[in-house]
Structure formats: structure tokens, C-alpha cells
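Enquirer: There's a structure below that I have some questions on.
Protein chains in written order, with the UniProt record's numbering: chain L, 1 to 383; chain W, 1 to 383.
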């Protein structure tokens, strides 16, 4: 059959910056970044979308931003918008429409900037609105939680939940820059500080044994909210995550899998809990489950497993949840495995551990062994 | 400031096939294409979204598709969906939700195929739904009009209208394949056949003088609905459009402009007419206006201008519209220029003609001269 061939590559470049007090007058990097990108005669508009929770903990933030922009007369700050944070925000389509409507009324165009400040949910929601408005407004992310600074905020995905399904609508749309401001971490609730570490444990377990040993050695410091330790963790974890994106299939067009060790059961747990559990808490439990499964299926040594579960304990991370108990073949956890298979398009791919730092993709899991792993963890946690 | 650099390229490849009777049992290309892409153990699902108008003109189409897929047991045809076509479909957000809901209930995943059959509006709408569902379902386009086969359908954009603004929501998302089936053209209304030629005139005028001369020489044949002439036109125009995409900035991330000669006033006319005018009709008028402006501003010879306007006449294309008359500085046409400037993010870029086949980008247009061009065309058409 007669045809024309289309082939092209699209290059994406962005920096993930690490700083504190991004909008302090002594810290010109943010303003200079946008000034440096300027390609038009007119001052680019800058539209901030802020997480309600962040604004509550940092009441001077908005005024600080306004003062900061007075130092950059070549940039045009427009009226900001504050939206609720947390996973529930991603369930509320009205919030998506609210951001898109603001893009319209504030006349934000493709050369303007939509800057999102917040946890992963606000970044996902605002990033999606930015990605589809005018087929893509320039988007800057300022993640404010451990989880978003070390994982979701530095990647290329966005999305909202739909039909109660996580990220049912979304796109792959790299930001033009990410600014990780460590100062935001100082006001995090305890559970957000700790549970955000799960993604670092995840990536260390499947990719980087020395990083896992670093986590073990620094677990007490991390639990005590030592800031230099957390800064190292975030940068190392962000780096591993970014390496994975660029070395593989950034927009997941083929069969490549994201770094989702421990995530199949975590997704189901979040759904079962009505999203009233932090993603990081669910991932910690998912990691524990797949680590025990890796041991029970003869892949992972008992010694390695114990080290993982001990790290969870020192960091105050859960290892089991009543909603994941398996009583029969119709138990929600096992249905979650089937849903994950569907989500992947028919063929199951799960990462298990052959050793610390050594993930292996498998295409089958044994229900009886999943049940045994679940019971094993329940027994351990009730001891 | 400390930072990590992210850099990667994403490669996109797709073929635009030219055929007739795509779903005839003797034409296995479509089924073989999907079979050839198959990467999973399970049969990929194929979900058709069809333009109501196409189904009305081709009442055997759906049964034909069902029979055709019986010859491909390794593919899983799911229940199709029929949606209204035409620009009004892109104004109706409920249709977007309807497609996304069908993606959910039919369990269409990232390895499934959403195949859209229809005119440009149905392709834009279904393409947008495919692009954001699960962050991108594999999407195949089967354009059925001259305009969509030679222009929009072979490109990388999708979108819906919002706040009465054309393509306010959308993405850049290349299809995995395009199948141009010439048989669909046989049932087009006269206005759709003719007005679709506008995009070929446009690209010829700014890029390809020999193609323009071919259009002049074949105008009578084209007006008589000669199929071989139209097939040549579509393939040549699609090729020029695809070359422009790959040689420039496919996702328009910089300041690169799409091939939009004659489009600034066309967009305004479509809006003023409540979208009750074909895009191709509006583009023909926009081309006439910018050609006269090019002549009046001393760029284009009178001889070349006459050739353009004569081509319009032979093809039965309009050159003026009452809604574009300029009476004062607040006339809608002049406001349209301002809106186009905003749409581009502050700096106006308009393509004018220095000669046939030679477009030039300018950053200013003179209101008095636009008015003169508009009056010039009004006088000419009333003669």
C-alpha cells in the first residue's frame, strides 16, 4: 500500500534545582530563569497555582512572591489561585475546570508560565491543566513534600482521577523547570516527612544497593528530621528517577515499565481506603508485601528481607493493612493484581527482588504465596 | 544553584497510507498493521469512534468493519461508538466525556487502539480523548474529508473548543498510523470537496510554486470531482504538511509557526459565523485577503494575485464575507488580528506572499491596508 513516512524526534531538556527560600530577595535564580527563557517582546505572564495546605503553613508565601516579582519588572505576575491539596483534589474535576478557566480569564498563553507550588496532587492537577490548555503552557513545578521532591515532581507525568481510577486522565508533559525548595519540608506533618521516604527505599531496592545501605545507616537521622540527610536522600532519589526516565522510554510508549516496585498493591490499597492514606504509606506497605513475597518465592534471602523490614520499623513505616488481608480468591488484594494486569494491557509485569539493589521483572504471581506473604506481615506486625 | 540536568529525545514514527476500500476483505493492510504492532500475549482491543455523517453516507461501513475483523481473530473488536461530526461536535464537552467513559467501560488500555473515522472535527475530538485517557491510548486516524486527508488528519494535533475558543484544550500527540481512504471522498457534499482544496492552495502559495501551477492547470478537473487529480493533490499536500512538521518544531515549543497563511482572519470568521462555515471556506477567504494585502503592500505582483483569485473562482471558493467588512477600528476583523497576537503570546507573526511559492513572516499589519484589501475583495466579488 502506498504511504508517506513521518519520523521525527522531539527533544526535552529541563533542570531540577535544589535550593532553600526560593522567593527570598537574595535568591534571584527563579526570576532569572524565566528572564533567561524570554523570547518575546512582551513580558511573559507568570501564573501561580498554590496548594492551600502550603499557604496555610507559609502565610507569608504569597506576599513574598509578590515582593520578589517587583525585582523582575520584565515579568508580569498575574493573580494567583489557591486550590485544595491531597489526593481528593485529583478526584474533583471542578478544580481542573477552575484552573483552565483562570488560564482563559488571565489570558495565559503558550509563552506564559503556569507555576504550581504544592504536594504531588496539586502538581499533578495543575500540570494536567497546563499541559492541555492551548496544547501546553510552559509549566514550572515547585514540589513541597518529600514525595514530590524526590519522585513525582521531577518526572514527566501529570493527571487527575476519573471514574474513581487513579490518573485515568493525564499526559506525559515535561516541565520547563523544577525547583525543589527544602524550606517547605520544615512544616510537613510527621506522616508526610516519613512516608515520602518510601519512594527512595523503592528505587534503592531495585537499582542501587549502596543507596539502600546509606538509608539503613541514616535511618535514625532521617526519622529525627535531620535536614542534611533528607537533602541527600531527595537529590539521590530524584537523580535515580530522572536517570530511569531518560534511559528508558520516557513517555512509556512501548512496554517499558516505570519504577513501580511495590506499587500494584499500593494502588489497590489507596483505592480501598478511599484515598484516605498517603501514597507513600501505601507504597511502604506494598514494598513490604513484595519483599516478603520475593523471600517466600526463593528469590530474596531472609537476611536481606529482615534489613528491609527493620528499615521500615526505624522510619515508622507500616508493613500491613487490614484492607489487604486475603481470605479467599475474591479478596480485594487479589482483585488488585487482576486490575493491575488490565492496567498494563493484558500482560502482568511485576518487579520482585533477587537481592537488595537487584530488581527482576516477573509476569506471574502466585495467589497462595501472596496470601502467605500478607499473613506473614500481619503476624509480624502484631508481635 | 545546585541542579540535576534532565535531557532526552522522544522519537515518533508513523505512516500515512493511501488506499481505497480499507475494510474490503481483499485489503488486509489495516488488520495486518495492528497485528504487526502486537507486543502482548492478549489480543489488542480495537475501538472505533465513527462520524455520524460518514455512517449515514456509508450505511454498510459498520457491518463491513465487523466482517473484516472476523478475518483477524488475533484482534478484539469492541462495540463501536457513533458521534456527531462538524465543528459543533468540538464545542460539546459532553461528547469528550462520552468517549472517555467508553474507554473506561470497554476497558480500553494503553495497548489498545482507538480508531477514529471521520472529518477533522471527529478526529480532533476523538484524538484528544485518546491522548489523555490513560495518558495516551494508541490512536489511528481514518480521515474522510479532503481537508482532513490533506492537512489536519496527517498532523500531530488534536483538541476541542472551550470558552467558545477554537482548540482551547488539546495536545500534540502523533497517531500510530493514518489511513487515507479515497473512497470516502465520493460521498462528500460539494462544499466539502471544494473547500478542502484551500489548504493545498495555502501550502502551495507559501512553499511550492510548481504545485501551485499544477493546481491552476488541474482546477477544472478538480472542480469536476476528478478522482485521480484529487488523489495527487491530497498526497502532495499531505507530504508538504508532514515535511513542515518534521523539519521544524513538531510540538511548537519554541516560536515556530505552523503553516497558517490566511488563517488569522479565517479563525475570526469561523468564530463570528458561529462555526456555521467550513474551515476550508474560511481559509479560502483568508487566503484571498492576505494575498490582496500582500499585493497592496507592494510584495506580490498583480499578475500573481490575479492567478490566485482566478483559481478561487474556478474552484468555486469565496473571497469575501460580510462579517469581515471593516467600518472602523473596532471592526471584528481588526479585533481578530489582536486576538491572533494574543494567541501567539504577544508578538504577531503573519505569513504574507512575496511571490507565488514564497511566504514571508511579518510582525505587523497595517489596519488601513487591511480595510482596503477587504473593500477591494468586496468590490471584486460584486462585479
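We put the beta carbon where it would ideally sit given N, CA and C, even for glycine.
(1) At 9 Å on the CB atoms, spell out the chain W contacts of residue 169 (chain L), in chain order.
(2) Would you give the residue range spanned by the beta strand (DSSP E) that residue 82 (chain L) belongs to?
(3) Could you say if the region 108–119 of chain W and the region 169–187 of chain L meet the contact criterion of at least three C-beta pairs nearer than 8 Å?
(4) What whole-angstrom Cβ distance do residue 23 (chain W) and residue 64 (chain W) have, given they're in contact under 8 Å?
(5) If you follow the beta strand (DSSP E) that residue 165 (chain W) is in, where does it begin and where does it stop?
(6) Buried or exposed for residue 235 (chain W), going by 16 or more other Cβ atoms inside 10 Å?
(7) So is residue 6 (chain W) buried or exposed if we call it buried at 16+ other beta carbons inside 10 Å?
(8) Please classify residue 141 (chain W): does DSSP put it in a helix, a strand, or coil?
(9) Just checking, does the region 56–75 of chain L make contact with the region 123–135 of chain L on the three C-beta pairs under 8 Å criterion?
(10) Excluding the 5 residues preceding and the 5 following residue 291 (chain L) in the sequence, name in chain order all residues of the same chain whose CB lies nearer than 7 Å to its CB.
(11) For residue 356 (chain W) versus residue 261 (chain W), is the C-beta spacing smaller than 9 Å?
(12) For residue 197 (chain L), which three-state DSSP category applies?
(13) Would you mind sorting residue 186 (chain W) into buried or exposed? The rule is 16 or more other CB atoms within 10 Å of its CB.
(14) With a threshold of 8 Å on Cβ separation, who are the neighbours of residue 35 (chain W) within its own chain once the five nearest residues in sequence on each side are excluded?
(15) Can you tell me whether residue 318 (chain W) is helix, strand or coil according to DSSP?
(16) At the level of alpha carbons, what is the spacing between residue 147 (chain L) and residue 201 (chain L)?
(17) Counting beta carbon pairs with one atom in the region 315–332 of chain L and one in the region 236–246 of chain L, are three or more of them shorter than 8 Å?
(18) Cβ atoms of residue 120 (chain L) and residue 151 (chain L): under 9 Å apart, would you say?
(19) Is the distance from the Cβ of residue 285 (chain L) to the Cβ of residue 259 (chain L) below 9 Å?
(20) Can you pull the chain W neighbours of residue 6 (chain L), defined as C-beta to C-beta under 8 Å?
(21) Which residues mark the beginning and the end of the alpha helix (DSSP H) in which residue 246 (chain L) is found?
(22) Can you pull out the residues from the UniProt domain "3-dehydroquinate synthase C-terminal" (196–322) of chain L whose beta carbon lies closer than 8 Å to at least one beta carbon of chain W?
(23) By the criterion of Cβ-Cβ separation under 8 Å, what are the contact partners of residue 112 (chain W) in chain L?
(24) Hey, does residue 159 (chain W) have any beta-carbon neighbour from chain L nearer than 9 Å?
(25) Could you check whether residue 141 (chain L) and residue 182 (chain L) sit closer than 9 Å to each other, using their CB atoms as the reference points?
(26) Quick check: is the beta carbon of residue 143 (chain W) nearer than 9 Å to any beta carbon in chain L?
(27) Determine, using beta carbons only, whether residue 390 (chain L) comes closer than 9 Å to chain W.
(28) Run through DSSP, which three-state label would residue 77 (chain W) get?
(29) Would residue 166 (chain L) and residue 90 (chain L) qualify as a contact pair, given that the criterion is a beta-carbon distance under 9 Å?
(30) Tell me the residue span of the beta strand (DSSP E) that contains residue 27 (chain L).
(31) Alpha carbon to alpha carbon, what distance is there between residue 160 (chain W) and residue 44 (chain W)?
(32) Quick one: list the residues of chain W neighbouring residue 9 (chain L), beta-carbon separation under 7 Å, in chain order.
(33) So, is residue 274 (chain L) buried or exposed, given that buried needs 16 or more other C-beta atoms within 10 angstroms?
(34) Within 10 angstroms of the Cβ of residue 48 (chain L), are there 16 or more other Cβ atoms? Answer buried if so, exposed if not.
(35) Quick check on residue 342 (chain L) - is its C-beta less than 9 Å from some C-beta in chain W?
(36) Below 8 Å on the Cβ atoms is my contact criterion, and I expect residue 250 (chain L) with residue 8 (chain W) to pass it. Report the Cβ-Cβ distance as a whole number of Å.
Expert: Working from what's here:
(1) 100, 132, 133, 134 and 135
(2) 81–83
(3) no
(4) 5 Å
(5) Segment 165–169, the beta strand (DSSP E) holding residue 165 (chain W).
(6) With 16 or more other CB atoms across the displayed protein chains lying within 10 angstroms of its CB, residue 235 (chain W) is buried.
(7) Classification for residue 6 (chain W): buried.
(8) For residue 141 (chain W), the secondary structure class from DSSP, reduced to helix, strand or coil, is strand.
(9) no
(10) Cβ within range, chain order: 300, 305, 308 and 353.
(11) no
(12) coil
(13) exposed
(14) 72, 74 and 75
(15) coil
(16) 12 Å
(17) no
(18) Their beta carbons are under 9 Å apart, which means residue 151 (chain L) touches residue 120 (chain L) by this criterion.
(19) no
(20) 12, 13, 14, 15, 16, 154, 174, 242, 245 and 246
(21) 227–247
(22) 235, 238, 239, 242, 245, 246, 250, 251, 252, 253, 254 and 255
(23) Neighbours of residue 112 (chain W) on chain L, chain order: 345.
(24) yes
(25) no
(26) no
(27) Residue 390 (chain L) cannot be examined here, being either before or after the span of chain L that is shown, 1 to 383.
(28) Of the three classes helix, strand and coil, the one that applies to residue 77 (chain W) here is strand, per DSSP.
(29) yes
(30) Counting along the chain, residue 27 (chain L) falls outside any beta strand (DSSP E), and DSSP gives it neither H nor E.
(31) 27 Å
(32) Residues of chain W whose Cβ lies closer than 7 Å to the Cβ of residue 9 (chain L) are, in chain order, 9, 10 and 11.
(33) Taking every protein chain shown into account, the CB of residue 274 (chain L) has fewer than 16 other CB atoms within 10 angstroms, so this residue is exposed.
(34) buried
(35) yes
(36) 5 Å
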